[in-house]
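Numbering of the sequence shown is given in our numbering, commencing with residue 2 and proceeding in unit increments. In what follows, a structure is listed as structure tokens, so that the remarks can point back to it.
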Amino acid sequence: MNTREKLVSTTSKLIRKKGYFGTGINEILKSVEVPKGSLYHHFPEGKDELIQAAIIYGGEAMMQKYGDAIRGKDAAEGLSAMVDVMVKELKDSDFEDACPIAAVALASGVIDENIRKACDRVFKGWQSSLAGYLERRGVEKAEEKANELYAMFEGGYVLSKAHKDLSYLELQKKFIKVILEA
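As structure tokens, then:
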């Protein structure tokens, strides 16, 4: 992994734990063990440009995990497996990790417009991929249902993290079939 990749990967991990405002340049540089000049060499615009790259990276990493979980399964089974991934991540991080995109998007009203656009791009990519998955499994109104499911998943993740209670995510499994069959 080169310096740029280390900066992006480390920043993605930190924003999952600390959000946009809690993730500082000095902490990133210390974690990667590079001087400040390296950051500005790879990201001339500074922290905001690095955060944008970390959002895209984090979104792709999550997409890969979810893709691995749903591959080869019918819609309901695959989506339940996706919830299992979310449960495992919260459990393994002792509820410290947040959705890497939501952690930044929640602050997007007061941060750089390009960061908001990066969050939007990742969210739309996830929704589109979910709709494609449902469509390939013969689910009617796939795009509409993908949006409903996606909103439910994000909400369940946030509530489970906030309350340190996995039941909010586990409850989603009950509603997956309801949404798919509606």
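Yeah, the Cβ is synthetic: ideal placement off N, Cα and C, and Gly gets one too.
Of the listed residues Phe22, Asp85, Arg137, Leu51, nearest to Ala104 (C-alpha basis)
Phe22
Are Gly60 and Gly126 closer than 8 angstroms when you measure CB to CB?
yes
Inspect the beta-carbon positions of Val123 and Leu181 and report whether they are closer than 8 angstroms.
no
Start-to-end residues for the alpha helix (DSSP H) that takes in Glu136:
114–137
Taking its Cβ as the centre, do 16 or more other Cβ atoms sit within 10 Å of Pro36, making it buried, or is it exposed?
exposed
Local Cβ density within 10 Å of Gly47, reported as buried at 16 or more and exposed below that
exposed
By how many angstroms is the C-alpha of Ala62 removed from the C-alpha of Leu135?
20 angstroms
Helix, strand or coil at Val140 [DSSP, three-state]
coil
Delimiting residues of the alpha helix (DSSP H) encompassing Ser1:
Limits of the chain in this structure are 2 at one end and 183 at the other, which puts residue 1 out of reach.
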